[in-house]
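Residue numbers (the numbering used here): 11 to 182. Read the structure below first, then the notes.
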């Protein structure tokens with residue numbers, strides 16, 4: 011486990027994370043598909059990051075990789091993606107955000123993709139960190155969360171903040 015921790019700590023990557031706390035989502039958004047929420051918010055984080063550090067990248071195709079989850083979930087992800095790219099987010103009008111160059115890639119876990127492996131290694135520590143902050147879990151794997159938090163960026167038009175993730179209901 012120490013080797014894996016060292017590998018993750020040394021790895022050169024940044025992570026943009028959206029946490030959806032289903033119990034605290036405002037009533038008016040409860041009917042929204044969680045994939046729509048996460049893609050809308052995640053695409054904004056990525057766009058804000060690129061505007062600040064590499065605006066020329068926004069002119070290129072950006073490939074967003076999702077792990078295949080089964081026919082129904084894959085269809086939900088694809089539908090949310092199509093709606094956001096073609097019509098915009100249901101979460102609010104944002105004319106300054108254009109996601110037409112974002113390309114959704116659904117990838118099978120068996121592909122052994124580095125991207126998916128990193129996602130697997132970061133998701134649980136982030137979830138545990140959030141639940142631990144709320145007092146919903148007594149013991150979180152704090153070492154893993156400590157490593158992952160250094161990789162997180164939460165970006166807005168005003169700047170990027172290391173060690174933060176987007177919590178849907180907190181920033182409406």
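Using N, Cα and C, we set each Cβ at its ideal position, and we do this for glycine too.
Limits of the alpha helix (DSSP H) - the one that residue 136 falls within | By 1-based counting over the chain shown, the position of residue 136 is 126. Its alpha helix (DSSP H) spans residues 124 to 144.
Is it right to say residue 135 is buried, meaning 16 or more other beta carbons lie within 10 angstroms of its own, or is it exposed?
-> Taking the first residue of the chain shown as 1, we reach residue 135 at position 125. It counts as buried.
Assuming residue 164 contacts residue 55 under a Cβ cut-off of 8 Å, what Cβ separation, rounded to an integer in Å, is found between them?
-> Stepping through the chain shown from its first residue, residue 164 is reached at position 154. Stepping through the chain shown from its first residue, residue 55 is reached at position 45. About 7 Å separates the two Cβ atoms, so the contact holds.
Status (buried if at least 16 other CB within 10 Å, exposed otherwise) for residue 33 = By one-based count along the chain shown, residue 33 stands at place 23. Classification for residue 33: exposed.
Evaluate residue 182 with the Cβ neighbour count: other Cβ atoms within 10 Å of its Cβ, from every protein chain shown; 16 or more gives buried, anything less gives exposed.
-> Taking the chain shown and counting its residues from 1, one reaches residue 182 at position 172. Only weak support is given to the placement of residue 182: the predicted model assigns it a pLDDT of 48, under 50, and the value that follows is read from those uncertain coordinates. So residue 182 ends up on the exposed side.
Please say whether residue 29 and residue 176 have beta carbons closer to each other than 8 Å?
-> For the purposes of this step, residue 176 is taken as residue 166 along the chain shown, with counting starting at 1. For the purposes of this step, residue 29 is taken as residue 19 along the chain shown, with counting starting at 1. Yes, Cβ-Cβ distance for residue 176 and residue 29 is below 8 Å.
Going by C-alpha distance, which of 63, 160 and 76 is nearest residue 120?
-> Residue numbering aside, residue 120 sits at position 110 when the chain shown is read from its first letter. Per the Cα distances, 76.
Going by other Cβ atoms of all chains shown within 10 Å of its Cβ, with 16 needed for buried, is residue 12 buried or exposed?
-> The residue you call residue 12 lines up with position 2 of the chain shown. Label assigned to residue 12: exposed.
How is the alpha helix (DSSP H) around residue 13 delimited, first residue to last?
-> Translated into the one-based positions of the chain shown, residue 13 becomes position 3. Start and end: 12 to 20.
Of the listed residues 174, 145 and 104, nearest to residue 53 (C-alpha basis) = Taking the first residue of the chain shown as 1, we reach residue 53 at position 43. If we check each option's Cα against that of residue 53, 104 comes out closest.
Considering only C-alpha positions, which residue in the set 57, 95, 66 and 45 is nearest to residue 82?
-> Locating residue 82 in the chain shown gives position 72, where the first residue counts as 1. Measuring from the Cα of residue 82, the nearest candidate turns out to be 45.
Note down, in chain order, each residue of its chain lying with its Cβ closer than 8 Å to the Cβ of residue 166, except the 5 sequence neighbours on either side.
-> On the chain shown, position 156 is the one that residue 166 refers to. Here the set comprises 58.
Take the Cβ of residue 161 as the centre, count every other Cβ of all protein chains shown within 10 Å, and call the residue buried at 16 or more, exposed below.
-> Within the chain shown, numbered from 1, the residue matching residue 161 stands at position 151. The residue is buried, with at least 16 neighbouring Cβ atoms inside 10 Å.
Inter-residue Cα distance where the pair is residue 179 and residue 37 | Walking along the chain shown from the start, residue 179 turns up at place 169. Walking along the chain shown from the start, residue 37 turns up at place 27. Answer to the nearest angstrom: the Cα atoms are 10 Å apart.
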